[in-house]
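Numbering (the working numbering), first residue to last: 8 to 262. Just so it is clear, CB atoms sit at the ideal spot from N, CA and C, and this is done for glycine as well. A quick note: this is a predicted structure, and the numbers were derived from the prediction, not measured. Notes follow once the structure below has been shown.
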Amino acid sequence: MKLLAIGVALAVTGIPVLPGQDLPAWVLVLSRVKRHARESFQNIPNYTCQETVVRSARRISRGPFHEIDTLRLQVASVANRELLAPQGASRFEDIDPSYYIQEGAIGTGLFSSLVRNLFVNDNALIGQPREEQVQSRAALAFDFEMTEFRSGYQLQSVSGSATVGLRGTFWVDKESLDLPQIEDRAVAIPQALGMSDVDSAIAFAPVRVGSSDALLPQSAETVVKELKGGEKKNVTRFSGCRAYTAESVIDYGAP
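Below is the structure:
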């Protein structure tokens, strides 16, 4: 089973406009949020992190989860795609993530694809915010939606594959506008895939990389519910993040 997340445009209709303004106040707030997030995430391709994935499953939804295995990989965003490599490998290669497993679920997109589609590529319909508490902080919660034509979110099982839409919520700190958390759910999954729900949650925090701070994912959880009643769960943690650069060498041969 493979879960690939890649894909989020702003539509505003029927919202009252404040006197003396061309746009509703919340739209101006959203513009600030997106600008701040774009500055945070447009440079994610310059980082690579260690990705530790604890994979587990249970046969019925109320039974206990049993651990399948723990994967230790490197993850990087290259040319707007997330690439994986075994820990300690000298380079990243464009390999289907299912190459690394024999059973259970695995996917890409949690490290950078979703935030790039939300805030850099601007591919989502985003609604009016509400005030909530998240991670013990005063926050603004924005609901978003991506159609299958915008999301690029691909689900794959032994029965086939399909690109589906996404619905979810992201929270931003009310003062700093930093992003602490995103939650999303796959929409209109074809029955032929054998899945009833695919839910993900990603937590973010500032990380010191070199001489500067970067807002990067810290952990993520993905739960796949099967039509037959079983569930698969991946708990992912990101660590050891560092910047990387490409090196070029010119060899003119023997004189």
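Rounded to whole angstroms, what is the Cα-Cα separation between residue 112 and residue 171?
So the alpha carbons of these two residues sit roughly 17 Å apart.
Following the continuous beta strand (DSSP E) through residue 80, name the residue where it begins and the one where it ends.
Taken as a continuous stretch (DSSP letters only), the beta strand (DSSP E) holding residue 80 covers 73-85.
Give every residue of the same chain whose Cβ lies closer than 6 Å to the Cβ of residue 193, excluding the five residues on either side of it in the sequence, and list them in chain order.
171 and 205.
Just curious, the beta strand (DSSP E) that residue 200 is in, first and last residue?
Element bounds for residue 200: n/a, residue is neither H nor E.
When the Cα atoms are used, what is the spatial distance from residue 103 to residue 30?
Each residue's Cα considered, the two are about 44 Å apart.
Please work out which residues of its chain come closer than 8 Å, Cβ to Cβ, to residue 45, disregarding the five sequence neighbours upstream and downstream, and give them in chain order.
The answer, listed in chain order, is 126 and 127.
Among residues of its own chain, excluding the 5 on either side of residue 39, which ones have a beta-carbon nearer than 7 Å to its beta-carbon?
Only 184 meet the Cβ criterion.
Can you give, in chain order, each stretch of the beta strand (DSSP E) that sits fully within the segment 160-201 and has at least 3 residues?
Within the segment 160-201, the complete beta strand (DSSP E) runs of at least 3 residues are 160-164, 167-180 and 188-194.
Measure the C-alpha to C-alpha separation of residue 60 and residue 227 and round it to an integer number of angstroms.
Distance between the alpha carbons of residue 60 and residue 227: 9 Å.
Distance check for residue 174 and residue 135, CA to CA, integer angstroms please.
Each residue's Cα considered, the two are about 14 Å apart.
Looking only at its chain, what residues have a beta carbon closer than 6 Å to the beta carbon of residue 99, apart from the 5 residues adjacent to it on each side?
Cβ neighbours of residue 99 beyond the five flanking positions: 83, 90 and 92.
Taking a contact to mean a Cβ-Cβ separation below 7 Å, would you say residue 201 touches residue 147 in this structure?
No, the Cβ-Cβ distance between residue 201 and residue 147 is not below 7 Å.
Using 8 Å for Cβ pairs, my map puts residue 123 next to residue 209. What's the rounded Cβ distance?
That belief does not hold up - the Cβ atoms of residue 123 and residue 209 are roughly 13 Å apart, past 8 Å.
Using the rule of at least 16 other Cβ atoms within 10 Å of the residue's Cβ for burial, across every protein chain shown, is residue 77 buried or exposed?
Exposed.
Below 6 Å CB to CB, which residues in the same chain sit around residue 199 once its five sequence neighbours on both sides are set aside?
Same-chain partners within the cutoff: 166 and 167.
My guess is that residue 250 and residue 54 are in contact by the Cβ rule of under 8 Å, so how many angstroms apart are they, rounded?
Contact flag correct, Cβ pair sits at about 6 Å.
Looking only at its own chain, which residues have a Cβ that is under 6 Å from the Cβ of residue 176, when we skip the five neighbours before and after it?
Only 148, 150 and 190 meet the Cβ criterion.
Hey, residue 156 and residue 224 are a contact pair by Cβ (cut 8 Å); roughly how many whole angstroms apart?
About 26 Å separates the two Cβ atoms, so there is no contact after all.
Could you name the residues of the same chain whose beta carbon sits closer than 7 Å to that of residue 75, not counting the 5 residues immediately before and after it, in chain order?
Hits under 7 Å: 62, 63, 64, 110 and 111.
What is the DSSP secondary structure of residue 37, counted as helix, strand or coil?
If DSSP states are grouped into helix, strand and coil, residue 37 belongs with the helices.
Give the secondary structure of residue 100 by DSSP, where H, G and I count as helix, E and B as strand, and everything else as coil.
Coil at residue 100, not helix or strand.
Going by DSSP, what residue range makes up the alpha helix (DSSP H) through residue 158?
Residue 158 -> alpha helix (DSSP H) spans 155-158.
Would you tell me roughly how many angstroms separate the C-alpha atoms of residue 243 and residue 218, rounded to the nearest one?
For residue 243 and residue 218, the distance between alpha carbons rounds to 26 Å.
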